[in-house]
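Report on the following structure.
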Amino acid sequence: MTTTATRPRTLGRLGSDPLRTALRLDAVVTGANGAAYLAAAPLLTELLGVPSGVLRGLGTFLLVYAAGVALVAARPVISAGATEVVIGANLLWAAASVAAVVTGRFDLTAVGSTWVLLQAAVVAGFAVLQLTALRNR
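This is the structure:
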């Protein structure tokens with residue numbers, strides 16, 4: 002009888018692990034969005050119709066969330082439970098974004114409504130990618 006030791010999937014090449022890639026992409030895009038909200042809140046307020054204080058709060062939250070997603074992706078073996086939390090949070094964010102537009106939570110401009118719905122679609126897309134990759138492991 003011969004046995005062969007195998008190593009768990011690790012960081013490897015970009016794209017070699019679809020789940021890790023989906024989580025990393027989520028972290029990068031979310032972090033960039035959060036940084037933009039923090040850095041450009043006064044400019045974005047007029048463009049989007051969201052108060053600058055809300056944008057700063059969202060920006061801070063998104064940076065912290067992005068760091069958490071990056072940590073999940075950086076583990077040598079990605080936790081299924083942690084990934085499920087990320088997927089759930091992404092779906093919740095997407096639903097809350099749509100609800101904010103539908104209910105008129107903010108006095109969004111046309112650009113603001115479009116932006117919120119587009120980013121909701123992107124975040125929901127991340128959730129689908131992550132769920133698909135998790136199921137295919």
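Residue numbers (the numbering used here): 2 to 138.
We put the CB at the ideal spot given by N, CA and C, even for glycine.
Taking the CB atoms as reference points, tell me whether residue i and residue j lie closer together than 9 Å.
i	j	result
Val30	Phe107	no
Leu121	Ala95	For the record, residue 121 in the displayed sequence is Ala; it is not Leu. Cβ atoms of Ala121 and Ala95: closer than 9 Å.
Ala125	Leu92	yes
Leu64	Leu24	no
Less than 9 Å between CB atoms is the rule here; does residue i satisfy it with respect to chain B?
i	result
Ala83	The structure shown has no chain B; it contains just one protein chain.
For the alpha helix (DSSP H) containing residue i, list its first residue and its last residue.
i	result
Thr22	19-40
Thr84	81-104
Leu118	111-136
Val78	It is not in any alpha helix (DSSP H) - Val78 carries neither H nor E in the DSSP assignment.
Taking the alpha-carbon of residue i as reference, which of the options has the nearest alpha-carbon?
i	options	result
Gln131	Gly105, Ser80, Thr104	Ser80
Gly35	Val99, Pro77, Ala67, Thr115	Ala67
Just the C-alpha distance for residue i and residue j, rounded to the nearest angstrom, thanks.
i	j	result
Leu45	Thr22	30 Å
Arg136	Ala83	14 Å
Quick one: using the 10 Å Cβ neighbour count with 16 as the cut-off for buried, is residue i buried or exposed?
i	result
Thr104	exposed
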